[in-house]
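Student:
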Amino acid sequence: MGTDAAKERKLQTISIINDKARNPETIEELKALGGDIVVPESYTKTWEKQKLSNLEGQLKKSEAAQRHRMKVEMAAREIQKHYLVEK
Numbered sequence: 000m001g002t003d004a005a006k007e008r009k010l011q012t013i014s015i016i017n018d019k020a021r022n023p024e025t026i027e028e029l030k031a032l033g034g035d036i037v038v039p040e041s042y043t044k045t046w047e048k049q050k051l052s053n054l055e056g057q058l059k060k061s062e063a064a065q066r067h068r069m070k071v072e073m074a075a076r077e078i079q080k081h082y083l084v085e086k
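Quick note on numbering: numbering that gives the first Met the number 0 labels position 77 of the sequence shown as 76, and the sequence is numbered without any gaps.
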């Protein structure tokens with residue numbers, strides 16, 4: 000999923016770049032394109048990987064909560080529409 004599609008869905012992105020491409024310009028370019036988190040590949044192979052995994056888990060929980068809220072709101076609108084039609 001590209002960063003534009005992620006932003007449309009209000010999702011955050013994590014970009015993992017090749018260590019050879021790890022320079023400030025590449026990182027800033029990806030951030031300018033909408034990347035929320037940009038890390039070099041070696042980052043995922045260190046003890047920091049756990050932190051990144053925890054962040055990813057938090058993002059997934061947040062996205063699941065957002066989907067749940069949307070479903071509840073849709074159900075509430077359907078109930079309200081049905082209730083208003085019957086009156």
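Glycine residues also receive a C-beta, built at the ideal position from the N, C-alpha and C atoms.
When burial is assigned at 16 or more other CB atoms within 10 Å of the CB, is V37 buried or exposed?
Tutor: V37 is buried by the Cβ-count criterion.
Student: Ends of the alpha helix (DSSP H) at T12?
Tutor: Careful: T12 lies outside any alpha helix (DSSP H) and carries neither H nor E.
Student: By DSSP's criteria, P91 is part of a beta bridge. Which residues make up the other side?
Tutor: What is shown of the chain runs 0 to 86, which leaves residue 91 out entirely.
Student: Buried or exposed: where does G56 fall if 16 or more other Cβ atoms within 10 Å of its Cβ makes it buried?
Tutor: Classification of G56: exposed, given that the 10 Å Cβ count is below 16.
Student: Under 7 angstroms from any heavy atom of the ligand FMN, does the C-beta of D3 make it?
Tutor: Absence of the ligand FMN is noted for the structure shown, with no ligands found whatsoever.
Student: Output the distance between the C-alpha atoms of I78 and K70, rounded to the nearest integer angstrom.
Tutor: Taking the straight line from one Cα to the other gives about 12 angstroms.
Student: Measure the Cβ-Cβ separation of E40 and N22 and say whether it is below 8 angstroms.
Tutor: No, Cβ-Cβ distance for E40 and N22 is not below 8 angstroms.
Student: Pick helix, strand or coil for N22, following the three-state DSSP scheme.
Tutor: Three-state DSSP puts N22 in coil, outside helix and strand.
Student: Starting from the Cα of L51, find the closest Cα among A31, T12 and H67 and give me that residue.
Tutor: L51 has its Cα closest to that of T12, out of A31, T12 and H67.
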